[in-house]
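Colleague: If you read the protein sequences in the order shown, they are chains F and X. One point on numbering: in my numbering, the residue at position 101 of the first sequence is 101, and numbering is uninterrupted. One point on numbering: in my numbering, the residue at position 258 of the second sequence is 1258, and numbering is uninterrupted. Glycine included, each C-beta is placed from N, C-alpha and C at the ideal position.
Protein chains: 2
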Amino acid sequence: MLASTAAVPFVAGSAWAQGDPLPSWNDGPPKQAILSFVSAVTREGSPDFVPAPERIATFDNDGTLWCEQPMYVQLAFALDRVKALSNQHPEWKEKQPFKAVLENDMAALAQGGEKGLLDLVVATHAGMSTADFEKICVDWLETARHPKFKRPYTELVYQPMLELLAYVRNNGFKTFIVSGGGIEFMRPWTEQIYGIPPEQVVGSSIKTEFKTADGRAELIRLPAINFIDDGAGKPVGINEHIGQRPIAAFGNSDGDLQMLQWATMSGNRGLGLIVHHTDGAREYAYDRQSHFGRLDKAFEAAKQYNWTLVSMKDDWKEIFPSSASSQGVGSRSLR
Amino acid sequence: MLASTAAVPFVAGSAWAQGDPLPSWNDGPPKQAILSFVSAVTREGSPDFVPAPERIATFDNDGTLWCEQPMYVQLAFALDRVKALSNQHPEWKEKQPFKAVLENDMAALAQGGEKGLLDLVVATHAGMSTADFEKICVDWLETARHPKFKRPYTELVYQPMLELLAYVRNNGFKTFIVSGGGIEFMRPWTEQIYGIPPEQVVGSSIKTEFKTADGRAELIRLPAINFIDDGAGKPVGINEHIGQRPIAAFGNSDGDLQMLQWATMSGNRGLGLIVHHTDGAREYAYDRQSHFGRLDKAFEAAKQYNWTLVSMKDDWKEIFPSSASSQGVGSRSLR
């Protein structure tokens, strides 16, 4: 856990004084859909009014709140960990998927498929205490840089989505992350970067085991998957962790399809929104053919269910916070 | 979910005006231990100071926040559900553990052990949507009465613990329930009764499955255990749901042992507190021999680890809120 005495998301208060809660959003149907929805569910007497404690909004992370190309950030972390640990594992030189990682052979890595990736996760994410893993994650985020933008990954979050998070919270919503990514990979920094505290982060997890020794109690991370928070797992994870049905859900890929169905197919008014990566110049352009963050079935579903489709190129004035206003996760020290 | 526009726990503000945040606690070592701990972790400059976002307090429910005798409330619920559903299950008349329930044969039920209880839970807690199950729970709580006190179960919560919940929250703590009971059995009423919202409730759960049909999305409760939040499962559940280590933990039985270890064996100052049921006149007196809420190993551990032991008879002026100030869960309508 980063020592944070208060949540400090990027969004400054100045936008509020100017009256536009979403200054990085161009005027257009997506912005109007958001404003109209929030107005409808917060106005007393509105037929769609929802009391504040029931205003639950869920946000995917990879590709929805931060950049997921050229690969998921957590995969970049796992690859770096394999390299960092390779001296302790001479057998990895001849063993896939580790061999592919050590040789930077992304084609061979891709051939290993999901099984290979799970092997990487287990080898790099288990075998230590939860406290030690948190430190490993934070240390990596402090020094790792994105290959294209040369900035810390925690600065490559979407400015319009930071404004959206603040806007709905200012309207009585509770905001949650619901990500296929590792829950303990995200929690050390989500409060500082997004204003979302650890208990409002839902994600995939591995099993842990409680142990006491020498007067100390620890949780040890085991090499076994506990829960995959993706696809139909997202509504299950939402129910398990949040215990209320969202009235708004935000995603960008097929892994978010069921989460958006869960939020909008309730019989009450719900907002479903999909971020479409259309900006190859300022970020990346991808959808149906992408290996990471494929948007295919959920793209069709958006039309069927009247979900709001955001074109990053057309609807967003800015993609990332300017360097001056941003801060890496490393700017605060671990307790 | 109960339609609650704001959390309204029992505790009135008047106690604060009088300067004593724990008016139902007699002066004595437990009350002093609580006040001293909260002062130490909240006073800037104190060697034990903890920033507000890291002030996590976890509370067991059965026997710690509400009455668990003569049987767990959720077991009383399951028995009533068996009776209510028996017309649809003629085979139950000849099949244990259902036969024992229908014949009120508690000895035969006890003989079935944990396996029999799990059979009851699965038969009565699965096979419906999460929304339908919530309604079944709330409807039952509105009409069920405790056999000894003749009051709704949600009124049989401990007044001193309600004051304690409010006191630590007023000192910047986040309060969580961490119970062996069913997570979805508790969530519909914990915000109203304890001021603890659904996402801050951790408990045992069964598996769910996401389904869409006729334009609606549902989660269906399956007849399979997902997680048992008891014993060494409590630290695991805390890590999974809360993502931070508690600095204070409150329990009453052996099922809370590891949760209190997790909170206090951290190298930093932590508060562990055990409620000892010593008041046979005003409530029940039980510990090492009790079938529900057995306090044996955790009783020994309390001495070993310097946990605070609360004698309900000696340390609490009141046990339950007076009828006038209390309100059953039925006083608000389901949305």
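(1) Does any residue of chain F have a CB that is nearer than 8 Å to the CB of R1187(X)?
(2) What does N1239(X) touch in chain F if you count any residue whose Cβ is under 7 Å from its own?
(3) Please go through the same chain and pick out, in chain order, the residues whose beta-carbon is closer than 7 Å to the beta-carbon of K1313(X), but skip the five residues on each side of it.
(4) Using the Cα positions of I220(F) and E1054(X), report the straight-line distance between them to the nearest angstrom.
(5) Give the C-beta separation of T58(F) and P246(F) to the nearest angstrom, bearing in mind that I take them to be a contact with Cβ-Cβ under 8 Å.
(6) So, does the CB of I1196(X) fall closer than 8 Å to a CB anywhere in chain F?
(7) Spell out whether any CB of chain X is found under 8 Å from the CB atom of I242(F).
(8) Step through the CB atoms of chain F and report whether any lies within less than 8 Å of the CB of G1181(X).
(9) With 16 as the cutoff for other CB atoms within 10 Å, does D1315(X) come out buried or exposed?
(10) Is A1232(X) close to chain F? Criterion is C-beta to C-beta, closer than 8 Å.
(11) Are there 16 or more other CB atoms within 10 angstroms of the CB of F37(F), so buried, or fewer, so exposed?
(12) Report the residues of the segment 1021–1054 of chain X with a CB closer than 8 Å to any CB of chain F, ordered along the chain.
(13) Between I1056(X) and the rest of its own chain, which residues show a CB-CB distance below 8 Å, the 5 nearest in sequence each way excluded?
(14) DSSP three-state label for R1169(X), please.
(15) On the three-state DSSP scale, how would you describe D62(F)?
(16) Need the endpoints of the beta strand (DSSP E) that Q278(F) sits in, please.
(17) Do L1260(X) and K1297(X) have their CB atoms nearer than 8 Å?
(18) Would you say Q1069(X) faces chain F, with C-beta separation under 8 Å as the test?
(19) Please state whether the Cβ-Cβ distance between S1179(X) and D1287(X) is less than 8 Å.
(20) Could you give the distance in angstroms between the alpha-carbon of E155(F) and the alpha-carbon of D1229(X)?
(21) If you follow the beta strand (DSSP E) that N1226(X) is in, where does it begin and where does it stop?
(22) Check whether the segment 1156–1173 of chain X touches the segment 1181–1192 of chain X, counting contact only when three or more Cβ pairs, one atom from each stretch, lie closer than 8 Å.
(23) Taking just the CA atoms, how far does H1146(X) sit from A1285(X)?
(24) Please report how far the alpha carbon of P97(F) lies from the alpha carbon of V1121(X), in whole angstroms.
(25) At least one CB of chain X closer than 8 Å to the CB of T124(F): is that the case?
(26) As a quick exercise: from A232(F), G267(F), G237(F) and V236(F), pick the residue whose alpha carbon is nearest that of D254(F).
(27) Between which residues of its own chain and L1079(X) is the CB-CB distance below 7 Å, once the five residues before and five after are set aside?
(28) Going straight from the alpha carbon of P235(F) to that of Q1159(X), what length do you get?
(29) Examine chain F for any beta-carbon lying closer than 8 Å to the beta-carbon of S1205(X), and answer yes or no.
(30) Can the beta-carbon of R216(F) be found less than 8 Å from the beta-carbon of G1267(X)?
(31) Using 10 angstroms around the beta-carbon of A110(F), count the other beta-carbons present and answer buried if the total reaches 16, otherwise exposed.
(32) CA-CA distance, W16(F) and P23(F)?
(33) State the CB to CB distance for the pair L222(F) and G195(F), rounded to an integer number of angstroms; the pair is presumed to be in contact (CB under 8 Å).
(34) Within 7 Å: the Cβ of H276(F) and any heavy atom of the ligand MG?
(35) On the three-state DSSP scale, how would you describe W1016(X)?
(36) For S1323(X), is the classification buried or exposed, using 16 other Cβ atoms within 10 angstroms of its Cβ as the cut-off for buried?
Modeller: Judging by the given coordinates:
(1) yes
(2) T130, T208 and L219
(3) T1278 and D1279
(4) 21 Å
(5) 5 Å
(6) no
(7) yes
(8) no
(9) buried
(10) yes
(11) buried
(12) P1051, A1052, P1053 and E1054
(13) F1173, K1174, F1176, I1242, Q1244, R1245, P1246, I1247 and A1248
(14) helix
(15) strand
(16) Note that residue 278(F) corresponds to Thr in the displayed sequence, not to Gln. Where T278(F) is concerned, the enclosing beta strand (DSSP E) stretches over L271 to T278.
(17) no
(18) no
(19) no
(20) 37 Å
(21) R1216 to F1227
(22) no
(23) 17 Å
(24) 44 Å
(25) no
(26) A232(F)
(27) V1101
(28) 36 Å
(29) yes
(30) yes
(31) exposed
(32) Model confidence at W16(F) stands at a pLDDT of 49, short of 50, so the residue's coordinates are unreliable and nothing is read from them.
(33) Their Cβ separation, rounded to whole angstroms, is 31 Å, which puts L222(F) and G195(F) out of contact at 8 Å.
(34) As for the ligand MG, it is missing from this structure, which has no ligand bound.
(35) Confidence at W1016(X) is low in this model, with a pLDDT of 49, below 50, so its placement is unreliable and the value that follows should be read with caution. It is helical.
(36) exposed
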